[in-house]
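Chains as they are written, first to last, in full-length UniProt numbering: chain B, 1 to 344; chain U, 1 to 328. Glycine included, C-beta positions come from ideal geometry on N, C-alpha and C. Please read these numbers as outputs of a predicted model, since none were measured by experiment.
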């Protein structure tokens, strides 16, 4: 079995501001093989984006990461600036949420892609790099690519821009693509096209993809495995099927219940089941003390009792994996009660 | 592009003609009789009338304006016989107190104003952009706090006060700099610069404030921009990223500079007065004091022309710097 493309071990990220430091990510461990897609889900502030940025070492100055991150055999946390430059855009690339702000308003589309090429291979001439840009734009489905390279970002539609950003990220055939909410800023029909494009290119290039999203619909249509983050910690990890059909963490179950479904069955009264919101708001990182960060919002915490408040649950293997993959959950409950049990 | 420039130039001509009319109308609305200053003392009504007719200031505003426009195209002749004065086209008017046409008065004064403007422009750009960039890079640091105070001071203190302070401190107290006079560049470049250091300091101090603020704000915006993170994610070095950040700063700075420099070229009345420099600002002031219509109109039009040209240059440069303002 080849080494995984991405290996994260005990990653913690803390922000320091005015002498006070707060952990935004705690003890995260995950591996990802080539050709597979891992979705990282969670609500705002759960640490999804910052984890993605830590992998590329694009953290803001106030943040620092501990632990171990290996991308395509390269230790990212101990790498020096030169090594990082070589890795970024070549071994690992990123697709950003907002394609408008991710592209420089002063450069045309072709210049962005050509820059990505030439930053990693000085032997490519400017002309050749622009030709590569045209090829790449064609590959991501932009019509009249020879004309499109000369356009500026503001002249593109949102969907076209995101295609261009994908072209820019993939032009050097990275082993790992970090897609940070790649479809959030797009309307629904375009979302589906972009997701399909990402899937297709992933198959073609055999790359691993870390898909950061808060949208279970996106996750369901694109991911192989899912990592659910809550307050910077792993809440649950497993295959898409495990997570969707047999969630082992009350938070995951809550997220599922809060996701609209087109195939929702009608209940006994002939009405659609109402979406259930998770009560409360995400735990402030500063307030995080002992115990499970989700406990204040958890309907099942009473069943466990005091343990939820005093002891942080660690991710433990669940036996009930439907497809033999790894299924972990960080909950003191061994399994979630069924609806009938809850009703009782 | 050429049609665009041509169209702008045509608009500019009409704008200048309108400005000339307003200036002439205002002058006659507010000023005392120009002939009084020229007729000497005592000034009997009969003589004054003659002088007025000779200077052609006895006619209506509209007639004056018509003569002015005619002078621009075909030249203008005042008086007749031995007293006849001719002003060649394009004639911006004739200054009777100076016994000279306005065009040559302006060209005479231009070197002083040009020297003043050039040095002040360079100095304010260096200080403004330099301090602005430093305070953005080390935000909240010592330089930032100093330059913020410096800029606030520069924006709020009137020019004459700064001018008088510089003359007082460097001229009289420290006896380090000359406080008046002008030496032409061709005569002695060193003396030229030496005499201008004071006025340069004053003008650039006032002007630099704007550049400090704009550079700082714009660079802070750019430095936190996502497209620079994306550039790093592509594998660019911090140097390459910073160089790209400068692009975004250039746009508003160029726009500001185009206007400032043309305003400077139109003459800085106060600085010239404080340092007794005989530039365009000083000329304009003397024109006002002596009720010399031709000078007032001439210098006003010259300044307006420069500002229009400055605007045009800025409008042509900006799309080159920022593709978002390119016309479709």
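So the beta strand (DSSP E) residue i belongs to, where does it begin and stop?
{"i": "residue 78(U)", "result": "76-78"}
{"i": "residue 16(B)", "result": "6-17"}
{"i": "residue 230(B)", "result": "225-230"}
{"i": "residue 237(B)", "result": "233-239"}
{"i": "residue 67(B)", "result": "63-71"}
{"i": "residue 24(B)", "result": "20-32"}
{"i": "residue 288(U)", "result": "Residue 288(U) -> not in any beta strand (DSSP E); alpha helix (DSSP H) instead, spanning 280-289."}
{"i": "residue 39(B)", "result": "37-41"}
Roughly how far, in whole angstroms, is the beta-carbon of residue i from the beta-carbon of residue j, given that I think they are within contact range, below 8 Å?
{"i": "residue 41(B)", "j": "residue 154(B)", "result": "Rounded, the Cβ-Cβ distance is 32 Å, inconsistent with contact."}
{"i": "residue 296(U)", "j": "residue 288(U)", "result": "6 Å"}
{"i": "residue 7(B)", "j": "residue 234(U)", "result": "The Cβ separation is near 23 Å, so there is no contact."}
{"i": "residue 97(U)", "j": "residue 282(U)", "result": "In fact, because the Cβ distance is near 14 Å, the residues do not count as touching under 8 Å."}
{"i": "residue 102(U)", "j": "residue 294(U)", "result": "5 Å"}
{"i": "residue 321(U)", "j": "residue 246(U)", "result": "That belief does not hold up - the Cβ atoms of residue 321(U) and residue 246(U) are roughly 11 Å apart, past 8 Å."}
If you check the beta carbons only, do residue i and residue j fall under 7 Å apart?
{"i": "residue 12(U)", "j": "residue 313(U)", "result": "no"}
{"i": "residue 270(U)", "j": "residue 159(U)", "result": "yes"}
{"i": "residue 216(U)", "j": "residue 118(U)", "result": "no"}
{"i": "residue 119(B)", "j": "residue 304(U)", "result": "no"}
{"i": "residue 175(B)", "j": "residue 136(B)", "result": "no"}
{"i": "residue 149(B)", "j": "residue 102(B)", "result": "no"}
{"i": "residue 313(B)", "j": "residue 332(B)", "result": "yes"}
{"i": "residue 163(B)", "j": "residue 178(B)", "result": "no"}
{"i": "residue 219(U)", "j": "residue 262(U)", "result": "no"}
{"i": "residue 30(B)", "j": "residue 232(B)", "result": "no"}
{"i": "residue 94(U)", "j": "residue 78(U)", "result": "yes"}
{"i": "residue 111(B)", "j": "residue 91(B)", "result": "no"}
{"i": "residue 209(B)", "j": "residue 51(B)", "result": "no"}
{"i": "residue 168(B)", "j": "residue 113(B)", "result": "yes"}
{"i": "residue 39(B)", "j": "residue 97(B)", "result": "no"}
{"i": "residue 362(B)", "j": "residue 243(B)", "result": "No statement about residue 362(B) is possible, as the shown extent of chain B runs from 1 to 344 and does not include it."}
{"i": "residue 258(B)", "j": "residue 275(B)", "result": "yes"}
{"i": "residue 147(U)", "j": "residue 206(U)", "result": "no"}
{"i": "residue 171(U)", "j": "residue 274(U)", "result": "no"}
{"i": "residue 11(B)", "j": "residue 32(B)", "result": "no"}
{"i": "residue 35(U)", "j": "residue 52(U)", "result": "yes"}
{"i": "residue 149(U)", "j": "residue 177(U)", "result": "no"}
{"i": "residue 290(U)", "j": "residue 279(U)", "result": "no"}
{"i": "residue 393(U)", "j": "residue 128(U)", "result": "The shown model of chain U, from 1 to 328, leaves out residue 393(U), and the question about it has no answer."}
{"i": "residue 69(B)", "j": "residue 77(B)", "result": "yes"}
Name the one or two DSSP bridge partners that residue i has.
{"i": "residue 178(B)", "result": "94(B) and 210(B)"}
{"i": "residue 86(U)", "result": "77(U)"}
{"i": "residue 317(B)", "result": "328(B)"}
{"i": "residue 95(U)", "result": "100(U)"}
{"i": "residue 216(U)", "result": "Paired residue(s): none; residue 216(U) is not in a bridge."}
{"i": "residue 88(B)", "result": "92(B)"}
{"i": "residue 75(B)", "result": "70(B)"}
Can you give me the start and stop residues for the alpha helix (DSSP H) that residue i sits inside?
{"i": "residue 318(U)", "result": "293-321"}
{"i": "residue 292(B)", "result": "From DSSP, residue 292(B) is part of no alpha helix (DSSP H); its letter is neither H nor E."}
{"i": "residue 50(U)", "result": "45-55"}
{"i": "residue 238(U)", "result": "238-265"}
{"i": "residue 50(B)", "result": "48-55"}
{"i": "residue 273(U)", "result": "269-274"}
{"i": "residue 251(B)", "result": "250-257"}
{"i": "residue 307(B)", "result": "307-310"}
{"i": "residue 180(U)", "result": "It is not in any alpha helix (DSSP H) - residue 180(U) carries neither H nor E in the DSSP assignment."}
{"i": "residue 104(B)", "result": "Residue 104(B) -> no alpha helix (DSSP H), and no H or E assigned at all."}
{"i": "residue 160(B)", "result": "158-170"}
{"i": "residue 145(B)", "result": "145-148"}
Short-range partners of chain B found in the stretch 193-206 of chain U, where Cβ spacing is below 8 Å: So the list is empty, because no residue satisfies the distance condition.
Near-chain U residues of the stretch 56-86 of chain B (beta-carbon distance less than 8 Å), N- to C-terminal order: Taking 8 Å as the cut-off between beta carbons, the residues of the stretch 56-86 of chain B near chain U are 56, 58, 81, 85 and 86, in sequence order.
Contact set between the stretch 81-114 of chain U and chain D, restricted to residues whose Cβ is under 8 Å from the partner: Of the chains in the structure shown, none is chain D; the protein chains are B and U.
Positions along the stretch 231-244 of chain U whose CB lies within less than 9 Å of some CB in chain B: Along the stretch 231-244 of chain U, the positions whose C-beta sits under 9 Å from a C-beta of chain B are 231, 232, 233, 234, 235, 236, 237, 238, 240 and 244, read in chain order.
Contacting positions in the stretch 96-120 of chain B - beta carbon closer than 7 Å to chain U: Those residues of the stretch 96-120 of chain B that come within reach of chain U (Cβ to Cβ, closer than 7 Å) are 96, 98, 101, 102, 103, 104, 105, 106, 115, 116, 119 and 120.
Contacting positions in the stretch 140-167 of chain U - beta carbon closer than 7 Å to chain B: Those would be none; no residue qualifies.
Residues of the stretch 150-165 of chain B whose Cβ lies closer than 7 Å to any Cβ of chain U, in chain order: For the stretch 150-165 of chain B, the residues whose beta carbon sits under 7 Å from a beta carbon of chain U are, in order, 152 and 154.
Residues of the stretch 272-302 of chain U whose Cβ lies closer than 9 Å to any Cβ of chain B, in chain order: So nothing in the stretch comes that close.
Positions along the stretch 1-30 of chain B whose CB lies within less than 7 Å of some CB in chain U: Per Cβ criterion, the list is empty.
Selection of the stretch 130-152 of chain B by Cβ proximity to chain U, strictly under 9 Å: Cβ contacts with chain U come from 152.
Where the stretch 14-31 of chain U meets chain B: residues whose CB sits under 9 Å from a CB there: Residues of the stretch 14-31 of chain U that bring their beta carbon within less than 9 Å of a beta carbon in chain B are absent altogether.
Cβ-based contacts, 7 Å cut-off: residues of the stretch 49-77 of chain U near chain B: Going along the stretch 49-77 of chain U in chain order, one finds no residue with a Cβ nearer than 7 Å to chain B.
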